[in-house]
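Position 5 of the sequence shown, counting from 1, maps to 5 under UniProt numbering, and the rest follow consecutively.
Notes to accompany the following structure.
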Amino acid sequence: MVRLIYRNQVFEVPAGLTVREAMKQVGLNPEITLAVREGKLLHENTILQDGDEVKLIAVISGGEA
1 MVRLIYRNQV FEVPAGLTVR EAMKQVGLNP EITLAVREGK LLHENTILQD
51 GDEVKLIAVI SGGEA
(Lines of atoms letter the chains of each structure in order from A; the text may use other names.)
(Lines give C-alpha, C1' and ligand atoms only; values in the text may rest on other atoms or scores of the structure.)
Protein backbone atom coordinates (compact mmCIF):
# COMPACT_ATOMS: atom_id res chain seq x y z
CA MET A 1 0.00 0.00 0.00
CA VAL A 2 0.95 3.63 -0.56
CA ARG A 3 0.06 6.42 1.86
CA LEU A 4 -0.99 9.75 0.37
CA ILE A 5 -1.09 12.70 2.76
CA TYR A 6 -3.13 15.74 1.79
CA ARG A 7 -3.58 18.46 4.41
CA ASN A 8 -4.97 16.59 7.43
CA GLN A 9 -6.19 13.58 5.44
CA VAL A 10 -4.43 10.26 4.87
CA PHE A 11 -5.42 8.02 1.96
CA GLU A 12 -4.18 4.54 1.14
CA VAL A 13 -3.99 3.33 -2.45
CA PRO A 14 -2.49 0.18 -3.96
CA ALA A 15 1.12 0.18 -5.11
CA GLY A 16 1.70 0.15 -8.87
CA LEU A 17 -0.43 3.18 -9.68
CA THR A 18 1.10 6.27 -11.22
CA VAL A 19 1.03 9.48 -9.19
CA ARG A 20 -1.66 10.81 -11.53
CA GLU A 21 -3.83 7.67 -11.17
CA ALA A 22 -3.47 7.73 -7.38
CA MET A 23 -4.54 11.39 -7.17
CA LYS A 24 -7.61 10.71 -9.32
CA GLN A 25 -8.51 7.67 -7.24
CA VAL A 26 -8.71 9.77 -4.06
CA GLY A 27 -10.60 12.59 -5.78
CA LEU A 28 -7.83 15.14 -6.27
CA ASN A 29 -7.12 17.03 -9.48
CA PRO A 30 -3.61 16.14 -10.72
CA GLU A 31 -3.52 19.38 -12.72
CA ILE A 32 -3.39 21.47 -9.53
CA THR A 33 -1.69 19.10 -7.08
CA LEU A 34 2.02 18.39 -6.58
CA ALA A 35 3.38 15.13 -5.18
CA VAL A 36 6.51 15.03 -3.01
CA ARG A 37 8.31 11.92 -1.73
CA GLU A 38 11.31 12.23 0.60
CA GLY A 39 11.63 15.92 -0.27
CA LYS A 40 11.69 15.34 -4.03
CA LEU A 41 9.02 16.38 -6.51
CA LEU A 42 7.50 13.42 -8.36
CA HIS A 43 6.47 13.39 -12.02
CA GLU A 44 2.83 12.45 -12.61
CA ASN A 45 3.93 9.26 -14.43
CA THR A 46 6.06 8.01 -11.53
CA ILE A 47 4.91 4.56 -10.44
CA LEU A 48 4.30 4.36 -6.70
CA GLN A 49 5.94 1.53 -4.79
CA ASP A 50 4.70 -0.43 -1.79
CA GLY A 51 5.52 1.48 1.40
CA ASP A 52 5.82 4.90 -0.27
CA GLU A 53 4.56 7.89 1.67
CA VAL A 54 3.72 10.82 -0.59
CA LYS A 55 2.76 14.32 0.48
CA LEU A 56 0.29 16.05 -1.81
CA ILE A 57 0.31 19.83 -2.04
CA ALA A 58 -2.36 21.97 -3.70
CA VAL A 59 -0.93 24.56 -6.08
CA ILE A 60 -2.42 28.01 -5.66
CA SER A 61 -2.12 30.47 -8.51
CA GLY A 62 -3.10 34.06 -8.73
CA GLY A 63 -3.91 36.47 -11.51
CA GLU A 64 -1.97 39.46 -12.74
CA ALA A 65 -2.04 42.64 -10.73
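Even for Gly, the Cβ is constructed at its ideal location relative to N, Cα and C.
Considering only the beta carbon of each residue, do residue i and residue j sit closer than 9 angstroms?
i	j	result
Leu17	Leu42	no
Met23	Pro14	no
Ile57	Thr33	yes
I think residue i touches residue j, with their Cβ atoms under 8 angstroms apart; what is that distance to the nearest whole Å?
i	j	result
Val19	Ala35	5 angstroms
Considering just the uninterrupted stretch of the beta strand (DSSP E) at residue i, what are its terminal residues?
i	result
Val10	9-13
Ile57	53-58
Leu4	2-6
Please go through the same chain and pick out, in chain order, the residues whose beta-carbon is closer than 6 angstroms to the beta-carbon of residue i, but skip the five residues on each side of it.
i	result
Asn45	Thr18
Between which two residues does the alpha helix (DSSP H) harbouring residue i extend?
i	result
Glu21	19-25
Quick one: residues in its chain with C-beta nearer than 8 angstroms to the C-beta of residue i, no 5 flanking neighbours on either side, listed in chain order?
i	result
Arg3	Val10, Phe11, Glu12, Asp52, Glu53, Val54
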